[in-house]
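Some notes on the structure that comes next.
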Amino acid sequence: MGDAAPILAAHDVHRTYRFGQVEVPVLRGASIAIGRGEWVAILGQSGSGKSTLMHLLGGLDRPDAGRGTIEFEGRTVNLGAGRSLDRYRNRDVGFVFQFYHLLPELSVLENACLPGLVGGWFGHARAAAARRRAGELLEQAGLSHRLRHRPAELSGGERQRVAIARALVNGPRVLLADEPTGNLDATTGASILDLIAAQHAEGLTVAMVTHDASVAARAQRVVQLRDGQVVDG
Amino acid sequence: MYAALLSNRYLTSRVIPLIAVGAVALCVALVIIVVSVMSGFLDMLKASGRTLIGDVIVSSGIGGIPHYDEWLTDLRALPEVEEATPVIDTLGLLRMPYPSGPSKEIAPVQVWAIEPASFARVTAYGDKVWWRPPADEDARNAMLPDDPRLLMDESILRDGLTLSQGATGKPGIVMGMHVSVGNARQSDGSYRPRFGWFMPGEEVTLTVVPVSESGKISEPRDATFPIVNEVFSGVYDVDKSRVFIPLAQAQQLLRLDAAPLYDTTAEPDAEGNLPLLGTTPARVTKVLIRAKPGIDALVARDAVEASWDAFVAKAARRSDRLGRPPERVSILTWEQQLRDLIGPVEKEREMMRILFSIIYIVCAGLILSIFWSIVIEKTRDIGILRSVGASRLGILWIFLRYGLAIGVVGSLAGVGIAWVVVDNINLIHEAIGRDAPRAAWITTCALAAISLAMALRSLLWRGRLLPGLLWTIATVTLAVVTLALIGHRGTLIWDPSVYYFSRIPSQVDWFNAAITVGGGIVFSVIGAAIPAAKAADVDPVEALRYG
Ligand SMILES: Nc1ncnc2c1ncn2[C@@H]1O[C@H](COP(=O)(O)OP(=O)(O)OP(=O)(O)O)[C@@H](O)[C@H]1O
Ligand SMILES: [Mg+2]
Numbered sequence: 000m001g002d003a004a005p006i007l008a009a010h011d012v013h014r015t016y017r018f019g020q021v022e023v024p025v026l027r028g029a030s031i032a033i034g035r036g037e038w039v040a041i042l043g044q045s046g047s048g049k050s051t052l053m054h055l056l057g058g059l060d061r062p063d064a065g066r067g068t069i070e071f072e073g074r075t076v077n078l079g080a081g082r083s084l085d086r087y088r089n090r091d092v093g094f095v096f097q098f099y100h101l102l103p104e105l106s107v108l109e110n111a112c113l114p115g116l117v118g119g120w121f122g123h124a125r126a127a128a129a130r131r132r133a134g135e136l137l138e139q140a141g142l143s144h145r146l147r148h149r150p151a152e153l154s155g156g157e158r159q160r161v162a163i164a165r166a167l168v169n170g171p172r173v174l175l176a177d178e179p180t181g182n183l184d185a186t187t188g189a190s191i192l193d194l195i196a197a198q199h200a201e202g203l204t205v206a207m208v209t210h211d212a213s214v215a216a217r218a219q220r221v222v223q224l225r226d227g228q229v230v231d232g
Numbered sequence: 000m001y002a003a004l005l006s007n008r009y010l011t012s013r014v015i016p017l018i019a020v021g022a023v024a025l026c027v028a029l030v031i032i033v034v035s036v037m038s039g040f041l042d043m044l045k046a047s048g049r050t051l052i053g054d055v056i057v058s059s060g061i062g063g064i065p066h067y068d069e070w071l072t073d074l075r076a077l078p079e080v081e082e083a084t085p086v087i088d089t090l091g092l093l094r095m096p097y098p099s100g101p102s103k104e105i106a107p108v109q110v111w112a113i114e115p116a117s118f119a120r121v122t123a124y125g126d127k128v129w130w131r132p133p134a135d136e137d138a139r140n141a142m143l144p145d146d147p148r149l150l151m152d153e154s155i156l157r158d159g160l161t162l163s164q165g166a167t168g169k170p171g172i173v174m175g176m177h178v179s180v181g182n183a184r185q186s187d188g189s190y191r192p193r194f195g196w197f198m199p200g201e202e203v204t205l206t207v208v209p210v211s212e213s214g215k216i217s218e219p220r221d222a223t224f225p226i227v228n229e230v231f232s233g234v235y236d237v238d239k240s241r242v243f244i245p246l247a248q249a250q251q252l253l254r255l256d257a258a259p260l261y262d263t264t265a266e267p268d269a270e271g272n273l274p275l276l277g278t279t280p281a282r283v284t285k286v287l288i289r290a291k292p293g294i295d296a297l298v299a300r301d302a303v304e305a306s307w308d309a310f311v312a313k314a315a316r317r318s319d320r321l322g323r324p325p326e327r328v329s330i331l332t333w334e335q336q337l338r339d340l341i342g343p344v345e346k347e348r349e350m351m352r353i354l355f356s357i358i359y360i361v362c363a364g365l366i367l368s369i370f371w372s373i374v375i376e377k378t379r380d381i382g383i384l385r386s387v388g389a390s391r392l393g394i395l396w397i398f399l400r401y402g403l404a405i406g407v408v409g410s411l412a413g414v415g416i417a418w419v420v421v422d423n424i425n426l427i428h429e430a431i432g433r434d435a436p437r438a439a440w441i442t443t444c445a446l447a448a449i450s451l452a453m454a455l456r457s458l459l460w461r462g463r464l465l466p467g468l469l470w471t472i473a474t475v476t477l478a479v480v481t482l483a484l485i486g487h488r489g490t491l492i493w494d495p496s497v498y499y500f501s502r503i504p505s506q507v508d509w510f511n512a513a514i515t516v517g518g519g520i521v522f523s524v525i526g527a528a529i530p531a532a533k534a535a536d537v538d539p540v541e542a543l544r545y546g
């Protein structure tokens with residue numbers, strides 16, 4: 000378990016999808032507490048609701064009304080107005096997806112800067128800072144020679160590195176990664192995990208969804224999502 | 000920040016928005032061109048309508064204005080008034096010097112009896128007398144070699160300006176350019192005698208009907224005048240029917256001159272004479288006034304009205320003479336007077352503006368559909384932006400900015416196009432009026448051949464359908480243009496020998512242009528707003544799920 004004051008936690012969250020009359024409860028009272036500096040792997044069958052849980056944790060989605068809370072550093076994030084959630088997504092957490100999700104019209108550097116450009120109309124200073132930090136992160140990821148390239152010109156592994164740089168550019172405390180290696184071969188996947196591990200070593204909290212037991216093995220703790228609830232596994 | 004970055008990228012990374020820019024540009028250009036030309040015509044119409052009436056027009060009823068010379072003195076003393084001139088306005092029949100069937104042609108005319116010297120100071124009459132020698136070398140060079148004016152001397156102009164035949168000393172008549180059918184308008188807007196019927200020097204007989212002060216119609220009376228010149232005002236209705244004769248002759252003909260008045264109710268004296276009551280004063284039916292430079296016509300009108308009231312009051316106190324001015328006369332500014340002429344054209348311009356404004360909606364619809372498909376295509380990207388913290392307003396702004404950019408660039412390009420076209424509209428018109436130069440259709444023919452080759456290359460050799468189709472469309476278009484150029488026989492759309500203005504107005508109406516640009520921008524943004532709102536409503540999770 001995480002320590003007494005988790006950095007990010009879900010308390011008894013429910014998330015139900017609706018198809019007309021039919022309700023499909025995906026999360027049914029899921030709770031998880033992620034400790035500061037912890038690396039948690041979330042396993043589960045396909046369709047068990049792992050991505051749904053990650054979206055809730057990342058502030059991309061909200062639990063069913065009144066049924067569960069997401070807390071970041073003791074603060075409930077899913078209650079406030081849309082703006083506070085925008086801010087949460089921008090500053091407090093970084094999200095990495097299975098399919099990279101880079102913007103095709105922007106260069107590698109611009110993609111990595113993006114969260115630094117968002118929020119604030121007159122953020123020239125922030126933009127410059129983001130540019131510097133993105134440069135550093137891309138260098139760590141071994142992509143300094145690719146800064147002006149478009150995502151379409153990169154391999155899958157390279158794209159995922161850019162996505163990680165983007166997730167970290169605003170210096171979030173938590174990295175949420177939904178199957179970051181799901182689309183990559185084992186070697187490339189391992190190098191991505193190395194990159195995450197390096198950040199983790201510097202104090203980043205990581206929550207990662209995976210199917211792969213060998214990937215889960217890199218985490219400090221593994222939980223399972225079963226029947227809409229989180230169980231230790 | 001990112002909104003600017005992304006909307007610039009979206010704008011520069013695809014071709015379709017350029018079509019929207021082009022559409023906005025063409026719409027804006029079209030509206031500006033049409034409205035500018037119409038405004039130009041309206042200005043010309045106003046200017047020509049004004050040429051023969053001065054700034055303020057006072058018209059009385061049939062009884063006329065007695066003691067008008069006293070009022071003219073009052074008027075001339077007003078600080079707002081530059082000059083005033085008396086006019087009698089009546090209808091008449093003119094027996095023309097040329098035949099119509101077995102007899103001479105009779106033309107109904109509107110007779111204006113004027114004092115030429117003061118009339119020329121109130122109106123532009125002096126400039127509008129047509130037959131005159133060229134004023135200088137430039138004017139001489141501008142005339143076609145067969146223009147009869149090249150052979151004229153100053154005497155004909157002098158006769159026109161004084162309404163008298165210099166050679167005989169007879170009072171003369173000046174006719175509107177189209178009163179006689181003898182004047183054939185040429186494509187440069189000048190005139191040649193038709194069938195050799197050159198009017199100046201011929202004689203016409205004018206028949207008018209005197210109407211007494213009480214409205215009783217007397218026997219028609221006629222008089223013969225030598226035609227001394229003709230006048231071109233630029234308003235067809237005027238040039239078709241107006242003739243000018245000297246005021247004194249008209250007063251006699253119409254019994255509006257000063258005359259002794261006898262008491263017909265009394266018994267005649269021993270010699271059979273009736274007792275004399277006094278003298279009825281000479282009268283006119285109109286007074287035209289020119290305002291001092293810089294004085295607004297409306298201001299001058301009010302001054303004239305005050306002066307009229309004073310004149311009526313003063314005349315009422317004079318019991319020692321005959322002739323009371325009427326209480327009411329119509330006092331109008333030139334614009335009010337020309338309402339019937341200008342009004343319809345102004346309405347037409349408004350109609351045009353409204354009709355053409357519909358193309359804004361087409362623009363907005365075009366932008367809407369282009370943006371709608373971009374938003375759908377970019378749904379995943381919008382989800383990404385939302386996932387890194389972009390707000391809904393931020394997303395909205397990306398697309399609004401994008402629409403704004405298209406609106407601004409398109410509208411300004413439209414102004415540019417309109418400016419070039421309007422500025423050169425007479426050249427363009429003349430080019431249309433000539434046969435197409437051989438080089439033009441040879442060029443398009445060659446281009447058609449090239450694009451045909453490209454089409455065949457794409458379709459047959461490389462097996463690519465889209466470029467093949469585009470090249471085929473280009474080939475067909477160029478072929479049609481080539482045929483049209485070969486077949487084109489110069490037709491002047493705006494033939495000055497038929498229409499009344501010899502040049503198309505070529506001034507951009509900048510005020511309207513500014514409004515049009517504003518409209519173009521607003522409608523582009525409206526067109527963009529709907530897809531932008533859709534984009535702002537994109538649910539990030541949904542958007543990323545189907546990425
Ligand atoms: N927007 C939605 N509308 C309806 N049903 C949804 C929606 N999103 C997810 N679901 C359903 O919720 C369930 C959980 O989906 P989720 O994507 O969280 O699964 P997952 O554990 O991430 O699966 P995978 O390992 O395949 O990624 C699935 O049955 C899915 O069909
Ligand atoms: Mg998933």
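Line by line, the protein sequences are chains V and G.
Heads up: the first sequence begins at 0 in numbering that gives the first Met the number 0, then just goes up one per residue.
Heads up: the second sequence begins at 0 in numbering that gives the first Met the number 0, then just goes up one per residue.
Note that beta-carbon positions come from the ideal geometry of N, C-alpha and C, so glycine has one too.
Burial check for LYS346 of chain G: the Cβ neighbour count within 10 Å stays below 16, so the residue is exposed. About 5 Å separates the CB atoms of THR51 of chain V and ARG14 of chain V; that is less than 8 Å, so the two are in contact. Put simply, the CB of GLU178 of chain V is far from chain G, with every gap to its CB atoms at 7 Å or more. Pairwise C-beta distances place the segment 415-429 of chain G in contact with the segment 29-39 of chain G, as three or more of them are shorter than 8 Å. Between ASP226 of chain V and the set V:THR180, V:VAL39, V:GLN44, the nearest pair of CA atoms involves V:GLN44. For LYS49 of chain V, the Cβ falls inside the 6 Å cut-off from some heavy atom of ligand 2. A Cβ-Cβ distance of about 14 Å is found for the pair PRO103 of chain V and ARG165 of chain V, leaving them out of contact under the 8 Å criterion. By the C-beta density criterion, PHE510 of chain G is exposed, having fewer than 16 other C-beta atoms within 10 angstroms. Remark: three or more beta-carbon pairs, one from each stretch, lie closer than 8 Å, so the segment 104-116 of chain G and the segment 77-87 of chain G are flagged as touching.
Using a CB distance cut-off of 7 Å, PRO16 of chain G does not count as an interface residue toward chain V. For the segment 387-401 of chain G, the residues whose beta carbon sits under 8 Å from a beta carbon of chain V are, in order, VAL387, GLY388, ALA389, SER390, ARG391, GLY393. If you draw a straight line from the Cα of PRO144 of chain G to the Cα of ASP137 of chain G, it comes to about 13 Å. For VAL221 of chain V, the enclosing beta strand (DSSP E) has its first and last residue at 220-225.
Between the beta-carbon of ARG300 of chain G and that of VAL55 of chain G there is about 5 Å, and that keeps the pair under the 8 Å contact cut. Only residues of its own chain outside the window of five on either side were considered, and among them none has a CB closer than 7 Å to the CB of LEU455 of chain G.
Pairing PRO101 of chain G with PHE197 of chain G, the inter-Cα distance amounts to about 20 Å. Three or more beta-carbon pairs drawn from the segment 198-213 of chain V and the segment 168-177 of chain V are found closer than 8 Å, and the two stretches are therefore classed as touching. Just so you know, the alpha carbons of SER505 of chain G and LEU93 of chain G end up roughly 39 Å apart. It is roughly 27 Å from the alpha-carbon of ASP422 of chain G to the alpha-carbon of PHE231 of chain G.
Uninterrupted alpha helix (DSSP H) stretches at least 4 residues long and entirely within the segment 237-303 of chain G occur at 246-252, given in chain order. For PHE71 of chain V and GLU157 of chain V, the gap between their C-alpha atoms comes out near 30 Å. In this model, LEU142 of chain V and THR471 of chain G are separated by some 45 Å (Cα to Cα).
Among the residues facing chain V, TYR359 of chain G is not included, as its CB has no counterpart in that chain under 7 Å away. In the DSSP annotation of this structure, the continuous segment of the alpha helix (DSSP H) that includes GLN159 of chain V starts and ends at 155-167. Judged by DSSP secondary structure, PHE18 of chain V falls within the beta strand (DSSP E) whose first and last residues are 7-18. The shortest CA-to-CA distance from LEU41 of chain G to any of G:LYS377, G:GLY342, G:MET453 is the one to G:GLY342. For ligand 1, a non-hydrogen atom lies closer than 6 Å to the CB of TYR16 of chain V. For GLY46 of chain V, the CB falls within less than 6 Å of some heavy atom of ligand 1.
Short of 7 Å from the beta carbon of ASP434 of chain G, and not among the five residues preceding or following it, lie these beta carbons of its own chain, in chain order: HIS487, ARG488, GLY489. Judged by DSSP in its simplified three-state form, MET174 of chain G adopts strand.
Look at VAL25 of chain V: its beta carbon is less than 6 Å from one of the heavy atoms in ligand 1. Nearest to THR206 of chain G by C-alpha distance, out of G:PRO199, G:ILE172, G:ASP135, is G:ILE172. With contact defined as three or more Cβ pairs closer than 8 Å, the segment 253-271 of chain G and the segment 228-243 of chain G are not in contact.
Listed in chain order, the alpha helix (DSSP H) elements of length 4 or more contained wholly in the segment 15-46 of chain V amount to none.
Under the Cβ criterion of 7 Å, VAL521 of chain G is not counted among the residues facing chain V. Around the beta carbon of LYS285 of chain G, a 10 Å sphere encloses 16 or more other beta carbons of the protein chains shown; the residue is thus reported as buried.
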